[in-house]
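Read the structure below first, then the notes.
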Amino acid sequence: MNGQPQDFAMPSDTWAPERGPGGKFLPGQGGRPKGSRNRFAAATMKQITDLKDDAISSLTAQVQAGNMDAVKFVLERIVGRNRMIELSGDKPTDVSDALINGEISTDEAKSIALTIEKLRRVEDLDAVVERLAALEKLLQG
Numbered sequence: 001m002n003g004q005p006q007d008f009a010m011p012s013d014t015w016a017p018e019r020g021p022g023g024k025f026l027p028g029q030g031g032r033p034k035g036s037r038n039r040f041a042a043a044t045m046k047q048i049t050d051l052k053d054d055a056i057s058s059l060t061a062q063v064q065a066g067n068m069d070a071v072k073f074v075l076e077r078i079v080g081r082n083r084m085i086e087l088s089g090d091k092p093t094d095v096s097d098a099l100i101n102g103e104i105s106t107d108e109a110k111s112i113a114l115t116i117e118k119l120r121r122v123e124d125l126d127a128v129v130e131r132l133a134a135l136e137k138l139l140q141g
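Under UniProt numbering, the first residue of the sequence shown is numbered 1, with each subsequent residue one higher.
Written out as structure tokens, the structure reads:
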């Protein structure tokens with residue numbers, strides 16, 4: 001924007017319930033009325049959105065300066081840490097290969113490994129159910 005600091009103060013027209021001496025709501029003043037909007041959050045988001053051009057310029061400068069930590073920080077918040085991960089296979093070695101090659105983080109590898117273990121247990125349980133059904137059929141038969 002214009003290089004001036006932004007004022008992220010709460011708008012003055014925000015409704016505030018009456019409170020007693022200890023800071024507690026007075027009877028009948030249970031807080032914000034139902035359905036009312038949080039004007040502070042809306043105003044703050046508008047101000048943050050207005051900063052997007054400055055933020056992109058700043059990030060570009062950080063990239064050009066070689067500060068890849070800044071890029072990682074921003075991308076983790078934009079893309080998210082829980083991103084969609086595609087592996088070339090479904091074996092534990094595929095997970096470790098992706099970790100070694102830097103395609104996934106250690107937290108992602110741990111999460112995938114736990115998921116694979118849970119799926120293996122479900123498959124084992126299915127096999128036990130099938131064997132039990134076969135045994136019951138033999139006993140009845």
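Ideal placement from N, C-alpha and C gives every residue a C-beta, glycine not left out.
Buried or exposed: Val-95, going by 16 or more other Cβ atoms within 10 Å of its Cβ?
Here the question's residue 95 lines up with position 95 in the sequence shown. Counting Cβ neighbours within 10 Å, Val-95 comes out buried, since at least 16 surround it.
For Ile-104, does the count of other Cβ atoms within 10 angstroms reach 16, so buried, or fall short, so exposed?
If you number the sequence shown from 1, residue 104 lands on position 104. Classification for Ile-104: buried.
Would you grab the beta carbon distance between Gln-62 and Ala-70 for me? Rounded to a whole angstrom, and I think it's under 8 angstroms.
Reading the sequence shown from its first residue, position 62 is the one you call residue 62. Reading the sequence shown from its first residue, position 70 is the one you call residue 70. Yes, they are in contact, since the Cβ atoms of Gln-62 and Ala-70 sit about 4 angstroms apart, within 8 angstroms.
For Val-129 and Glu-86, I'd like the C-alpha separation in whole angstroms.
Counted from its first residue, the sequence shown places residue 129 at position 129. Counted from its first residue, the sequence shown places residue 86 at position 86. Near 31 angstroms, if we compare the C-alpha coordinates of Glu-86 and Val-129.
Is there a Cβ of chain B sitting closer than 7 angstroms to that of Leu-132, yes or no?
Absent here is chain B; the protein component of the structure consists of one chain.
Which residues in the same chain have their Cβ closer than 7 angstroms to the Cβ of Gly-20, if we skip the five residues on either side of it in sequence?
By 1-based counting over the sequence shown, the position of residue 20 is 20. Only Leu-26 meet the Cβ criterion.
What does DSSP give as the partner residue(s) for Arg-19 in the beta ladder?
The residue given as residue 19 occupies position 19 in the sequence shown. Answer is Phe-25.
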